[in-house]
Structure formats: C-alpha cells, structure tokens
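Presented below is the structure to which this report refers.
Residue numbers (the UniProt record's numbering), protein chains in the order written: chain A, 1 to 228; chain B, 1 to 300.
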C-alpha cells in the first residue's frame, strides 16, 4: 500500500527532517505516527501526499513511485488520498454541504453523484442535520468532522491526518477518533500523526515513533511512549 | 472539458468578481484608463497614417513647358518624360486649366486672380507627372529639369521629406508610449488580481489537495482576467467613439474634408478598428495579468 525505501529529506534552510526512513504500511492498517515537535513526523506525512518530494529514496503508493511522478500526475495521486489537517482548512463562506461537494466538483463528478456521496459521508460523520450550516456555526470537533468527510468523500484508499485532534478538547478528540475508526473499518488505510498520548495508549494500534527524522520504534500494538 | 465544468467556472468567476467588489472596480478602472490613453493615441496615429499616405500619393512633379515650344515639340517632350523609368503617369495641363485650379485653391479669394484670365494668363502649359514611388519624386524632378523645352520644375522638395520624418517620429513615439501604458496596466491587473488571490490561497490549496488539476484551478482566474480586461476595454471604446463621432461630424459639417490631406477615417471603419483592437488588448492584458499571479499559488 504505502512503502518508503531509504527516504531522505532536508530543507533549503539545512534542516534534516527525514533521515533514511524505510517503512511499509499495509492496506487497511491503522497507524499512529508519534514524536516530539520537530522530530520530522509532519514531513513524513507530507511526503505521502507529495506536498514534499524527498531528496533521496523511493515512496511507493498503490504500486506507483510518487517520487519520480510528473507534476501533472500529482492531482490523480491526491484523488486516491484523503488529507486531514489540524486547522481543518474549510472554506468559511461555503456551507458544510458545499465544502464537501467542493472536493467532488473539482474532480468533475456528476451533480447526482455529488449529492449522493456528500449525504453518505455526512451520515458517516453524523452531521446530516447541519448540512446547511457555515463552518463558523459549528464547534471545533464538528468542523474537523466536516474536514474528514471531505477527505473521504471520493473514496480514497488512504487517509493521512496531521494532528487532527490537536485543536480539540478530549471529548471532541474522542469523537474524531471514532470517525477514523469507522473509516478504517470500511477498509481504508489510516495514517495519523498525533500528540495525543491518551488516544494512542488506549487504541492499541500500530505506532511508529520518529526521532530526529529516523524511526525509533515501530510496534504492532504500541503505546505513545513519551511523557505528554 | 465538460459543459457542466465550463458552467461552473463561469459561475465561479462571476461570483468572484462580485465578491471582490472594490478590487474589481479598481482593476476595471486601471484597464479603462490605460486603454483610454492607448485608444486616443491609436485614433490619432491611424488618422495621421492615413493622411501621410494621402500626401504620399499626392506628391507629384510639375514640369512647366517653355512658352516657345510648338505643339510638336511638346509631344516630343512628353515622349521623353515617359521614357524615364520611374515615371508612373503623365498628364497635360494647359495654362487655362492651371489657372482654374489655382482659383479653386484660393477659394473665396479667387477674385484676386480673375484679372489674369485669358491672354493675361501668366502661367505656362505644364505636365503633371506621378512617379512609381513617392520617394522617387526628387530624382525624377531633377531628370526632367535637364530636358529641352522645360522652363521650370516644381515638386514638394524639402517639405515632403520633413513631413515623412514627422510622421515617422510620431509613429515611433506613439508605439513606445502605447507599449509602456500596456505594461503598466498588465502590472496593475496582475497586482489587483494577486491581492484577491492571496485572500483565496486557502481555496487554491484545498483544491490542489483534493486533486484538482492546475488547469481546473486556473480556469476561473482566466475568465476573471478576461472579464476585467474586456469590461475595462468597453468603457474607453464607448467614450472614444462618442468623441470621434463628434469630431467627424464637425469635420464634415465644416467641409474640412475638401482639403485633400485632412480626410479623417470614416466613423464606421474607426469604430471597427478601435473596438477590435482595444477589446483584444484588454482581453490579453486581463488574462495575462491574472495568470501570472495565479501561477505562484499552484506549486502546492
């Protein structure tokens, strides 16, 4: 599903963010990526949806090496991936429904399909009743659920999330985790960078710990392993 | 691209123009002002060009025939002039015709000349000669001057040359000014659109993240630039044509058109030129300005 082979990434300012990572994530897995701030876990996530390109190494997603991919093919990779951010990245002037439909419009889906799929994911994240609300009228947790709905609306095989619960209180964070579990149960691979020790420790999923841009730990049923 | 997608882009771009309210007004004004000046120059240049062309065609050599020449000798001279390779046409003008022409040129003051009619006519019979190219006038005149039975030769001399120079300079200055103005307005549009795009960079980022192609992101901006440019061009086109219509009617009413070289380009032709050129220029700078500023945001 996702395979990184000896991947290195340094930035123009000299920061060595990822230093020779080799890892394999199978289809349908749920993986937490943990590590302190500046450990390189955000870069690790960004490499997967080709926001960043490595200096060395191969990244293979669904059989395609995305490091040698032409720029014009990147949109088609992104359609196979869902991305969720800490700050939700919703368009403030569009309603909940429109924000999700937007992701389908840009890939030129038919209006009938758009309606059907948006209502399906709204049902999955339990926000059908707020379809006509603006993001500003929702709580943080609800906004993040909209953003997750948007990321999965075109049925990606992988969802990558960068600190999706970072801005949420514990209760809302658990709500979000439930949504991710449900997505994972449907067969979608989930890769999530997080700082939330509580969640990681309780969920007992695979944990990849990154330190100084290298994999420090990779446990099948791991825990957070840091203090806070 | 699917028709539905085109519809979406159109809707999106029009919505954005409305959403950006004052920015839209600013961009349109920038284009309008720049194209107003460009249009004024175009109007003047096109007319100057036409006048220059007319004067070029009017340039001719007049060879006055010696009074002592018999009709036979006149024919001989005509043949000799025809032999000159640069000569295009030759026309005989008798002294009576010459005087009539002169009276016409004097217009209201023709009375001054009346006493010279008939036997008192001081003019010579003459040949009016046109050359193949206006610039050959001087050379031809010099050749004719040397022929027998020619008493005098007249042609535009220096003033023709000066006129050509003035037109050339005006043309070049005009082109430089127009180019300068065009770059300024491209820059203005690029900047205004850039400001609206900065505000919408999240939108572009999200579009790219959910798998929109660059072309898809670019389309609404392309259309926006096009609209800004074309609307911006329509304003000066309308204003300039109103001005030109007034000017043209004024010229017709005051009979300026009878002066050979002040023949303005007809209104319809001018309307076609001006509208065509300015709208195309407006569209190009609008699209150019818009696409240069969106490019930066596509590298997500």
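Even for Gly, the Cβ is constructed at its ideal location relative to N, Cα and C.
Chain order gives the chain A residues near residue 8(B) as 105, where near means a beta carbon separation below 7 Å. In the structure shown, the three-state DSSP call for residue 250(B) is helix. For residue 6(A), the three-state secondary structure derived from DSSP is strand. Contacts with chain B (Cβ-Cβ distance below 9 Å) from the stretch 107-136 of chain A involve 107, 108, 110 and 111, listed in chain order. Only residues of its own chain outside the window of five on either side were considered, and among them 236 have a CB closer than 6 Å to the CB of residue 36(B), listed in chain order. As the crow flies, the alpha-carbon of residue 291(B) is around 11 Å from that of residue 217(B). Residue-level contact by beta carbon fails for residue 204(B) and chain A, as no gap is shorter than 8 Å. Chain B has a Cβ within less than 8 Å of the Cβ of residue 83(A). Contacts with chain A (Cβ-Cβ distance below 7 Å) from the stretch 220-240 of chain B involve no residue at all. In chain order, 86 and 88 place their CB closer than 7 Å to the CB of residue 132(B), counting only its own chain and leaving out the 5 sequence neighbours on each side. In this structure, the CA atom of residue 166(B) is about 15 Å from the CA atom of residue 41(B). Note on geometry: alpha-carbon atoms of residue 28(B) and residue 106(B) lie some 51 Å from one another.
When DSSP states are grouped into helix, strand and coil, residue 151(B) belongs to the strand group.
Residue 24(B) does not reach chain A, its nearest Cβ partner there being about 17 Å away, counting only Cβ pairs nearer than 9 Å. Taking a contact to require three or more Cβ pairs closer than 8 Å, the stretch 41-54 of chain B and the stretch 166-184 of chain B qualify as touching. A distance below 8 Å between beta-carbons, with the five flanking residues on each side excluded, links residue 70(B) to no residue of its chain.
The count of Cβ pairs closer than 8 Å, one atom from the stretch 40-54 of chain A and one from the stretch 172-191 of chain B, stays below three, leaving the stretches out of contact.
Look at residue 164(A): its C-beta is not under 8 Å from any C-beta on chain B.
A direct Cα-to-Cα measurement between residue 91(A) and residue 115(A) gives close to 19 Å. Setting aside the 5 residues that flank it on each side, residue 146(A) is surrounded in the same chain by 88, 90, 96, 99, 100, 125, 127, 135 and 138, each with a C-beta closer than 8 Å to its C-beta; the list follows chain order.
Three or more Cβ pairs closer than 8 Å define a contact, and the stretch 60-79 of chain A meets that threshold against the stretch 1-8 of chain A. Taken atom to atom, the span from the alpha-carbon of residue 34(A) to that of residue 211(B) is near 27 Å.
According to the DSSP secondary-structure assignment, residue 123(A) is paired through a beta bridge with no residue. The continuous beta strand (DSSP E) containing residue 216(A) extends over residues 214-219. Counting only runs of at least 4 residues, the stretch 117-196 of chain A fully encloses the following alpha helix (DSSP H) elements, listed from N- to C-terminal order: 140-152 and 170-185.
By the Cβ-count criterion, residue 155(A) is exposed, with fewer than 16 other Cβ atoms from all chains shown falling within 10 Å of its own Cβ.
Relative to residue 83(B), the option among 143(B), 205(B) and 149(B) whose CA is nearest is 143(B). Here residue 292(B) carries a helix assignment [DSSP, helix/strand/coil]. Residues of chain B whose Cβ lies closer than 9 Å to the Cβ of residue 78(A) are, in chain order, 208, 209, 210, 211 and 212.
Not one beta carbon of chain A lies nearer than 8 Å to the beta carbon of residue 297(B).
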